[in-house]
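Notes follow once the structure below has been shown.
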Amino acid sequence: MNTFDQEYHDLAKKVLKEGTYKDDRTNTGTYSLFGHQMRFDLSEGFPLLTTKRTSFKLIATELIWFMRGDTNIKYLLEYNNNIWNEWAFKRYVESVDYRGPDMTDFGNRALVDDEFNNMYQEEMKKYKEKILSDDAFAMKYGDLGNVYGKQWRNWVGPKGEVIDQLKNVVDSIKNNPTSRRHIVSAWNPAEIETMALPPCHTLFQFYVKDGKLSLQLYQRSADIFLGVPFNIASYSLLLIMVARETGLEVGDFVHTMGDAHIYQNHLNAIKTQLERESFAPPTVKINSDKSMFELEYEDIELIDYESHPSIKAPIAV
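Using our numbering, read the sequence shown as starting at 291 and increasing by one per residue.
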């Protein structure tokens, strides 16, 4: 088992063994524990899990979307990235402009009612097509509120000033590498109610030592089966980009979690994954001299990724 997959498997096994059953906001139910930390040495490769196929394209395009300060799913849909659809769709079907069939609790109903699931899939298809073809509709119903990208690049200060946290932290690493203030926060209490989903990965901090850059993420809520594999790879890719931007080598990605949980309807899926052995980890290469703030998905290459097949599981909205 490679060390990256092993860290993840150890977390999942610990929650299955020690986790406490809890009700949750989505009415799905989770097995949960509080406080866990994983560490990934990026000199050993790129920590994209190999015991199930995890889409690098979805991870990279979402990260670029964050880095651009974008909060509208239109950019994501242009890359066939559907990971934020449900939250934007929920806002639309709860609006006065929606005229279709009742979509209340669509996430759970679609799992148990085939007839409803067919209606839901048709409504989602029409919604996505309209986002891509109608700019006015996309502006109104594709936006997720003041989520990650807004906070990273356009935090509004007490006097109305705009603070570009991500650019500021890159400049800080370049000019004052020993600082303990290399921090970006997505948790803005004043704007939580404006967000389709309050940030799960809430704060990250960089650390420079011996010419190497490390990054620690604090994640308040960690969906171990669906979300955490994406979070590991996303923030590792961010670390690679910032290290390149600041002329440093990559160090460790440290992943600290608050409520680490496995949804009750993911138990069979994660047990299937835990039965698998890993492959050697892949690597990532950036084929461009552009600044990290100008990179496109096409500039980033995933090399030698071998994995077991993907495992499907429902998302809790």
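All C-beta atoms, glycine included, are put in the ideal place defined by N, C-alpha and C.
Residue 383 sits in a helix when the DSSP states are folded into three classes.
By the neighbour-count criterion, in which a residue is buried when 16 or more other Cβ atoms sit within 10 angstroms of its Cβ, residue 480 is exposed. Rounded to whole angstroms, the gap between the alpha carbons of residue 435 and residue 363 is 11 Å. Residue 322 sits close to residue 551, with the two beta carbons spaced by under 7 Å.
Residue 418 sits buried, since 16 or more C-beta atoms from the chains shown fall within 10 Å of its C-beta.
Around the beta-carbon of residue 494, 16 or more other beta-carbon atoms lie within 10 Å, marking it buried.
Relative to residue 298, the option among 584, 605, 568, 324 whose CA is nearest is 568.
Boundaries of the alpha helix (DSSP H) harbouring residue 559: 557-564, taken from the DSSP string. Between residue 546 and residue 508, the C-beta spacing is below 7 Å.
An exposed status is given to residue 310, since fewer than 16 other beta-carbon atoms sit within 10 Å of its beta-carbon. Take residue 414, set aside five residues on each side of it, and the residues of its chain with a beta-carbon closer than 8 Å to its own are 375, 379, in chain order. Under the three-state reduction of DSSP output, residue 330 falls in the strand class. Secondary structure note for residue 473: its beta strand (DSSP E) is the uninterrupted segment 473-475. Of the other Cβ atoms in all chains shown, fewer than 16 fall within 10 Å of the Cβ of residue 327; this residue is therefore exposed. By a beta-carbon distance limit of 8 Å, residue 377 does not contact residue 516. Their separation comes to about 14 Å. Counting along the chain, residue 592 sits inside no alpha helix (DSSP H); it lies in the beta strand (DSSP E) bounded by residues 590-593.
Residue 551 carries a strand assignment under DSSP once its states are collapsed to helix, strand and coil. Counting only residues of its own chain and dropping the five nearest sequence neighbours on each side, residue 368 has a CB closer than 8 Å to the CB of 422. 398 is the residue among 437, 303, 456, 398 whose C-alpha sits nearest the C-alpha of residue 604. Per DSSP, the continuous alpha helix (DSSP H) segment holding residue 299 begins and ends at 293-308.
Around the CB of residue 452, fewer than 16 other CB atoms lie within 10 Å, so the residue is classed as exposed.
With fewer than 16 other CB atoms across the displayed protein chains lying within 10 angstroms of its CB, residue 429 is exposed. Counting only runs that start and end inside the stretch 363-437, the alpha helix (DSSP H) elements of at least 4 residues fall at 364-368, 375-383, 396-402, 404-423, 425-431. Around the beta-carbon of residue 574, 16 or more other beta-carbon atoms lie within 10 Å, marking it buried. Cα atoms of residue 560 and residue 302: separation of roughly 8 Å, rounded to the nearest angstrom. For residue 598, same chain residues with a beta-carbon under 6 Å away, outside a window of 5 residues either side, are 341, 342, 566 in chain order.
Cβ neighbours of residue 593 within its own chain (closer than 8 Å, five residues either side excluded): 572, 573, 574, 575. The C-alpha of residue 390 lies about 11 Å from the C-alpha of residue 382. Look at residue 570 here: in three-state DSSP terms it is coil, with no helix or strand label. Note that the C-beta distance between residue 540 and residue 529 is below 7 Å. Of the residues assessed, residue 470 falls on the exposed side of the cut-off, its CB having fewer than 16 other CB atoms within 10 angstroms.
Across the set 513, 433, 355, the C-alpha of 513 shows the shortest separation from the C-alpha of residue 318. Secondary structure at residue 600: coil, using DSSP grouped into helix, strand and coil.
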